[in-house]
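Residue numbers (the working numbering): 622 to 767.
Heads up, the beta-carbon is just placed ideally off N, CA and C, and yes, glycines get one too.
Because the structure is a prediction, the values reported are computed rather than measured.
Single-structure report; data block below.
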Amino acid sequence: MILLLLSSFAISQSHINWSFAPKIVICKNESQTKHEIVNKAKKYWQARGYSLGDITEKKCDKEIYSYGEIRFAGERSLDTNSYFGLTNRGYANGNVVSGYIQLANQDANNLELVTHELGHALGVQHNDIKSDLMYEYHMYENTDGF
Ligand SMILES: [Zn+2]
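Structural data, given as structure tokens:
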């Protein structure tokens, strides 16, 4: 209950949200993240009230943002010495309309990391709860497949 309240407070405070359910796209030519890992991350957020569309895998072009899609785009321009993962969002009229997730290849199937970054793509910000997946300095154990 407390977690839920804090979580929704953080979301309403930040005023960033999708106004429709984003599709999830795994860019097959760049991302090493597996469909089943993304599906588990999707279920995590669905269980917390977020709407998400189907997961598809396709070859992506070099375009960063694609309207209506959260893309798993591989490492691309990610500084893998500094980051495990990085998420950018695109906005229109105050809503999130696209997401762009880069994950270091070595961490591409770390479920906690995939779930954390998918949370950012949905508009979820960091929080101060050390045990929470959205804590800024969350330690990513190798949880491939929890
Ligand atoms: Zn983060």
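C-beta atoms of ILE691 and ILE645 nearer than 8 Å = Translated into the one-based positions of the sequence shown, residue 691 becomes position 70. Translated into the one-based positions of the sequence shown, residue 645 becomes position 24. Yes; because the gap between Cβ atoms is below 8 Å, this pair is in contact.
In angstroms with no decimal places, state the Cα-to-Cα distance between ILE647 and ASN730.
-> Sequence index remark: in the sequence shown, residue 647 carries index 26 (1-based). Sequence index remark: in the sequence shown, residue 730 carries index 109 (1-based). Between ILE647 and ASN730, the C-alpha separation is close to 12 Å.
Leaving out five residues on either side along the sequence, give the residues of the same chain with a beta carbon under 6 Å from the beta carbon of ASP728.
-> As a working note, residue 728 is residue 107 in the sequence shown. Cβ within range, chain order: PHE705, LEU734.
Buried versus exposed call for ALA713 [16 or more other C-beta atoms within 10 Å across all chains shown] = What you label residue 713 is simply residue 92 of the sequence shown in a count that begins at 1. When all chains shown are included, ALA713 counts as exposed.
CA nearest to the CA of ASN716, picked from ASN660, LEU724, ALA742 = Counting from 1 along the sequence shown, the entry for residue 716 is found at position 95. Closest option to ASN716, Cα to Cα, is ALA742.
In chain order, what residues of the same chain have a beta carbon less than 7 Å from the beta carbon of ARG697, not counting five sequence neighbours either side?
-> As a position in the sequence shown, residue 697 is number 76, starting the count at 1. Cβ neighbours of ARG697 beyond the five flanking positions: GLU651, GLN723.
Are GLY720 and THR701 close, meaning C-beta to C-beta below 8 Å?
-> As a working note, residue 720 is residue 99 in the sequence shown. As a working note, residue 701 is residue 80 in the sequence shown. No, these two residues do not count as a Cβ contact at 8 Å.
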